[in-house]
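See below for the structure under consideration.
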Amino acid sequence: MNDFDEHPGSNAHEYSVSELAFSLKKTVEDTYGRVRVRGELGRVTIAKSGHMYADIKDDKAVIASIMWKGSVSRLTIQPEEGMEVVVEGKLSTYPGRSQYQLIIDRLEPAGVGALMALLEKRKKQFAAEGLFDDDRKRELPYLPKTIGVVTSPTGAVIRDIIHRISDRFPVRVLVWPVLVQGDKAAEQIAGAITGFNHMEGVPTPDVLIVARGGGSIEDLWCFNEEIVVRAAVNSSIPLISAVGHETDWTLIDYVADQRAPTPTGAAEIAVPVRTELVDTVEDYALRLKRGLTRTVEHKKLGFSSAKLPKLDSVLSAPRQRLDLVINRLMPGLDLNRRSHDSRLREVSARLRPDQLRQDILRRTERLNDMAKNAARSIGRGLERRQEGLVRAGKLLEAYSYQGVLERGFALVTDERGKVVRKGKALKAGQAINLEFSDGKRGAVINGTAGQPPRKAAKKSPKKPDEKQPDLF
22 MNDFDEHPGS NAHEYSVSEL AFSLKKTVED TYGRVRVRGE LGRVTIAKSG HMYADIKDDK
82 AVIASIMWKG SVSRLTIQPE EGMEVVVEGK LSTYPGRSQY QLIIDRLEPA GVGALMALLE
142 KRKKQFAAEG LFDDDRKREL PYLPKTIGVV TSPTGAVIRD IIHRISDRFP VRVLVWPVLV
202 QGDKAAEQIA GAITGFNHME GVPTPDVLIV ARGGGSIEDL WCFNEEIVVR AAVNSSIPLI
262 SAVGHETDWT LIDYVADQRA PTPTGAAEIA VPVRTELVDT VEDYALRLKR GLTRTVEHKK
322 LGFSSAKLPK LDSVLSAPRQ RLDLVINRLM PGLDLNRRSH DSRLREVSAR LRPDQLRQDI
382 LRRTERLNDM AKNAARSIGR GLERRQEGLV RAGKLLEAYS YQGVLERGFA LVTDERGKVV
442 RKGKALKAGQ AINLEFSDGK RGAVINGTAG QPPRKAAKKS PKKPDEKQPD LF
């Protein structure tokens, strides 16, 4: 090698194309392992082999992805372009095309919001096609002979439907067993609806019931698939949908001829109650009998009335008598009216307005005098009653013990508030209450009941002050 060569040799390892491609593949797989990716599906393709090819993208990047047939068969929804999803899988490369890709083994909608958005999109599409119009819905047969049921062969739904039909009105029930959840459910349900419409060798059902129990939106999603909706629309047999609970609405409910809130409700819609039918027939028979009886009675009455004399001939004599009475009555009424008119004029002539006016004035003055006299009488009565009240008040004051207290006496009561009238009733050390004119005071007895008080030494009487008058 020339030391002055402008492109000297390198110590870097030399790879073949395959070695480098598989080295990159191993590096990517070892570095990332299992990944979870959220994005929007784009360019979804199901190959004849059953594998699914799709792009996972957002607004800045795109990752090619593949889902093998075994994983596709486990899907509960039908992947569509534009659906927001969360996928799990392993990141790898495809050496044959020098590109990396995501091998998906699990795919689910990105929350209920994604499914609801897709559901709303499909609903608008089908509504625009007129599939939800009421004018395309058909009346259900009143009394079907055969009922076809599309549902799972196991579980409570089919048992409830058959039991309810047997209780109400036993008819022939044909069950087409299908899956009601999972990626294959939609295809089986659509096939069952179509199959019932093209049955040979057995009686074709008069009405179909498509039923399933309650569940989440993911569980019921197969009834929102286009293939199921189209099959229900194209059915020549009237169809009742009974999917989930009353609050669960799927697209098949909108295109069905009638929706039932529950599978049991679908059975009740499909057939009437036999006992009620019997009662109705008996009621109609009774009405018919009564109608025939009335008709016969009416005919008999008509035949009988034909033998009776005509009404005009019966009433002719009374009518003549009535005319004679009227002819005599009218002149009498006119004479009576003229007599009263004459008397009224005589009475009116005797009436004099001046005398009436003077009489009214006299009566008015008399009323005024009577009012004044009544007022004076009432006033004197009130004064007498007021004086009586004053006297009664003074008498009440005189009898009140408060006046006695004002004169220097005291009211003695024991601990219970009972009035003490005699000193013998009190014991030494007993507490008493003394009520004076200005309040109450407590006291304790310090002497023995019944002991006379100690006599005080006599003092020479003091000559009363000449200026001080005797109390008595």
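Going by the working numbering, the sequence shown opens with residue 22, and the numbers climb by one from there.
No residue lacks a Cβ here, since even glycine has one placed at the ideal position from N, Cα and C.
Keep in mind the model is a prediction, meaning the values are calculated, not measured.
Segment limits, alpha helix (DSSP H) that includes residue i
i, result
"E289", "284-291"
"Y550", "Because the chain spans 22 through 493 in this model, residue 550 falls outside it and cannot be assessed."
"L382", "374-420"
"S187", "177-189"
"N218", "206-218"
"E150", "First-last for E150: undefined, no H or E at that position."
"L123", "That residue, L123, is in no alpha helix (DSSP H); its beta strand (DSSP E) goes 120-130."
"N245", "Where N245 is concerned, there is no enclosing alpha helix (DSSP H), given that its DSSP letter is neither H nor E."
Whether residue i touches residue j by CB criterion (7 Å)
i, j, result
"A252", "T283", "no"
"P198", "P226", "no"
"V194", "I183", "yes"
"V231", "S262", "yes"
"A207", "I179", "no"
"L152", "V38", "no"
"T285", "R189", "no"
"L229", "F217", "yes"
"E102", "G71", "no"
"I466", "A446", "no"
"Q120", "E246", "no"
"G203", "T97", "yes"
"A131", "V108", "no"
"V196", "R233", "no"
"H266", "G235", "yes"
Which listed residue (the options) has its alpha carbon closest to that of residue i
i, options, result
"K158", "A277, V83, E247, G110", "A277"
"S237", "I248, K393, T271, A464", "T271"
"Q122", "D156, Y74, V335", "Y74"
"I125", "W89, T97, R118, R143", "W89"
"D156", "I98, Y275, A338", "Y275"
"A135", "W242, P374, A177", "W242"
"D21", "P293, E418, A288", "A question about residue 21 goes unanswered here, because the residues of the chain that appear run from 22 up to 493."
"I210", "F430, T314, L416, L260", "L260"
"L426", "L455, S360, D154", "L455"
"F430", "L416, K461, L417", "K461"
"I273", "V294, Q279, V250", "V250"
N- and C-terminal bounds of the beta strand (DSSP E) containing residue i
i, result
"G460", "460-465"
"R95", "Taken as a continuous stretch (DSSP letters only), R95 belongs to no beta strand (DSSP E), as it is neither H nor E."
"Y163", "No beta strand (DSSP E) contains Y163, which DSSP labels as neither H nor E."
"G312", "Per DSSP, G312 belongs to no beta strand (DSSP E); it is in the alpha helix (DSSP H), 295-327."
"L455", "452-457"
"K111", "105-115"
"G63", "55-67"
Inter-residue spacing [alpha-carbon to alpha-carbon] between residue i and residue j
i, j, result
"Q146", "E239", "20 Å"
"P330", "L161", "59 Å"
"V264", "K81", "40 Å"
"E40", "K78", "30 Å"
"E35", "I84", "30 Å"
"D333", "R342", "14 Å"
"V302", "G312", "15 Å"
"G458", "R405", "Per the sequence presented here, residue 458 reads as Ser, with Gly not at that position. Distance between the alpha carbons of S458 and R405: 34 Å."
"T296", "E61", "57 Å"
"R14", "G400", "As shown, the chain starts at 22 and ends at 493. That puts residue 14 outside it, with no answer to give."
"L432", "G402", "41 Å"
"S363", "R397", "51 Å"
"I290", "E129", "36 Å"
"Q379", "N394", "23 Å"
"M220", "R118", "51 Å"
"F324", "V317", "11 Å"
"Y422", "R384", "59 Å"
"P224", "A281", "24 Å"
"I453", "G424", "22 Å"
"K321", "P339", "29 Å"
"L164", "K205", "34 Å"
"A470", "Q451", "Confidence at A470 is low in this model, with a pLDDT of 49, below 50, so the placement of that residue should be treated as unreliable; the coordinate-derived value is given next. Spanning the two alpha carbons is a distance of roughly 11 Å."
"G212", "A149", "25 Å"
"D375", "E367", "18 Å"
"A392", "L382", "15 Å"
Neighbour flag for residue i against chain C, beta carbons, 7 Å
i, result
"G265", "No chain C appears in the structure shown, which is made up of a single protein chain."
Exercise. Does the count of Cβ pairs from the region 44-64 and the region 95-114 closer than 8 Å reach three?
Worked result: yes
Problem set entry | Contact between the region 59-74 and the region 91-108 (3+ Cβ pairs under 8 Å) | yes
For this session: Answer yes if the region 164-174 comes into contact with the region 130-144, meaning at least three C-beta pairs across the two stretches below 8 Å, and no otherwise.
Result: no
Problem set entry | Cβ contact check for the region 103-112 and the region 54-62: 3 or more pairs under 8 Å | yes
Exercise. Okay, do the region 431-445 and the region 397-413 touch, 3+ Cβ pairs below 8 Å being the bar?
Worked result: no
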